[in-house]
Amino acid sequence: MESHIVKIKTVLQVTHDVKSFRIEKPNGYQFVAGQATEVAINKPGWENERRPFTFTSLNDEPTLEFTIKRYIGHNSVTNQLHLLVPGDELILHDVWGAIEYKGPGYFIAGGAGITPFIAILRQLHRDNQLAGNTLFFANKTAADVIYEEEFTSMMGKNAVYILSREQKDGYENGTINADYLRSHVTDFNKHFYVCGPDKMVADINASLTTLGAKPDLVVFEK
């Protein structure tokens, strides 16, 4: 199993609990938009604490990017990651992942579950192939929405934000469930890309099946 020690080049605050890490890219390191790797911190006691993170950069960029939400806890790897600064080192491993673009459809994300879709949508935007795609992005509050300005710039009204704990102009209020999908999806023969907390993914996949979506057109990390 391959591993690479790489330095962090930049760290940027994205939301109140999400940071973007730009890091060195090992020679020959390749991935498909939507894929991930396991990451560890190259510091004593943390080298074997590997966690999966999706690449949010594009494959042809000279650096790698991860967009990582912080989860508070004494032994939380994401908490430790958020304490790192440029010059600190990470350990990367093999590339893996089942989420990749297969054709126009609906991207359904909950919170940090947006991360596999960031590179996919960025790549489609660069290739001028975003037409026919819609993003439904569920969060608790507007302050939790990752890269909202970028998604809106790329997709316009086809980027839809749903808030479960806040009512605010410009955002829908509620959750993504069967009723929501029934009223917002116009074509259940298209692809569906689903990522978020496990229960959300399971519930949405069940709802999609009930509503007539074809199981082989629903893409998620199994």
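For the sequence shown, UniProt numbering assigns the number 1 to the initial residue and increments by one for each residue that follows. For each residue, glycine too, the CB sits at the ideal point set by N, CA and C.
Residue nearest to residue i in terms of C-alpha spacing, selected from the options
{"i": "LEU90", "options": "ARG50, GLY105, THR67", "result": "ARG50"}
{"i": "VAL11", "options": "PRO86, ALA98, MET154", "result": "PRO86"}
{"i": "ILE99", "options": "ASN75, ILE114, LYS43, ALA131", "result": "ILE114"}
{"i": "GLU221", "options": "ASP60, THR54, SER153", "result": "THR54"}
{"i": "VAL32", "options": "ASP60, PRO26, HIS16, GLU149", "result": "ASP60"}
{"i": "ASP150", "options": "ARG126, GLU166, ARG165", "result": "The sequence given here has Glu at residue 150, not Asp. The shortest C-alpha separation from GLU150 is found at ARG126."}
{"i": "THR152", "options": "LYS214, ASN177, LEU135", "result": "LEU135"}
{"i": "GLN167", "options": "HIS4, ASP203, LYS140, VAL6", "result": "LYS140"}
{"i": "ILE176", "options": "GLY156, ASP169, LYS190, ASP203", "result": "ASP203"}
{"i": "ILE41", "options": "ALA178, GLY34, VAL6, TRP96", "result": "VAL6"}
{"i": "ALA36", "options": "LYS25, TYR29, PRO116, VAL18", "result": "PRO116"}
{"i": "LYS25", "options": "LEU163, THR56, MET155, LYS199", "result": "THR56"}
{"i": "LEU130", "options": "ILE108, MET155, ASP179, TYR180", "result": "MET155"}
{"i": "LYS190", "options": "GLY170, ASP216, ASN128, ASP169", "result": "ASP216"}
{"i": "GLN30", "options": "LYS43, PRO62, LEU163, THR209", "result": "PRO62"}
Bridge-paired residues (DSSP) for residue i
{"i": "LEU135", "result": "PHE107, ALA159"}
{"i": "ILE23", "result": "ILE8, LEU64"}
{"i": "PHE55", "result": "PHE66"}
{"i": "LEU124", "result": "DSSP, once it has assigned bridges, lists no residue as partnering LEU124."}
{"i": "GLN80", "result": "GLN80 pairs with nothing; no bridge assigned."}
Cβ neighbours of residue i in the same chain (closer than 6 Å, five flanking residues each side left out)
{"i": "GLY212", "result": "PHE188"}
{"i": "VAL77", "result": "GLU49, ARG51"}
{"i": "MET200", "result": "GLY110"}
{"i": "SER207", "result": "ALA178, LEU181"}
{"i": "ALA112", "result": "LYS69"}
Spatial distance of residue i from residue j (CA atoms)
{"i": "ILE72", "j": "ILE146", "result": "18 Å"}
{"i": "GLY103", "j": "GLY45", "result": "43 Å"}
{"i": "ALA143", "j": "LEU83", "result": "21 Å"}
{"i": "ASN158", "j": "ASN79", "result": "33 Å"}
{"i": "GLY28", "j": "ILE118", "result": "22 Å"}
{"i": "ARG165", "j": "PHE192", "result": "25 Å"}
{"i": "GLY170", "j": "ASN128", "result": "26 Å"}
Cutoff 8 Å; reference residue i; Cβ partners in own chain excluding five residues on either side
{"i": "VAL14", "result": "SER20, THR67, ILE146, TYR147"}
{"i": "SER3", "result": "ILE91, LEU92, HIS93"}
{"i": "ARG70", "result": "ASP17, VAL18, LYS19, SER76, THR78, ASN79, LEU81, HIS82"}
Beta-carbon spacing of residue i, residue j below 7 Å
{"i": "GLU172", "j": "HIS93", "result": "no"}
{"i": "LEU58", "j": "GLN123", "result": "yes"}
{"i": "ASP88", "j": "ILE8", "result": "yes"}
{"i": "PRO197", "j": "GLY110", "result": "yes"}
{"i": "residue 258", "j": "PHE137", "result": "Examination of residue 258 is not possible in this model, given that the chain is present from 1 through 222 alone."}
{"i": "ILE120", "j": "GLY34", "result": "yes"}
Cβ shell of residue i (< 7 Å), same chain only, five flanking positions each side left out
{"i": "ASN205", "result": "VAL194, VAL218, PHE220"}
{"i": "VAL185", "result": "TYR106"}
{"i": "ARG182", "result": "LEU211"}
{"i": "HIS16", "result": "ALA143"}
{"i": "TYR180", "result": "GLY174"}
Residue i Cβ short of 6 Å to the ligand NAP heavy atom set
{"i": "TYR180", "result": "What this structure holds is no ligand at all, so the ligand NAP is not there to describe."}
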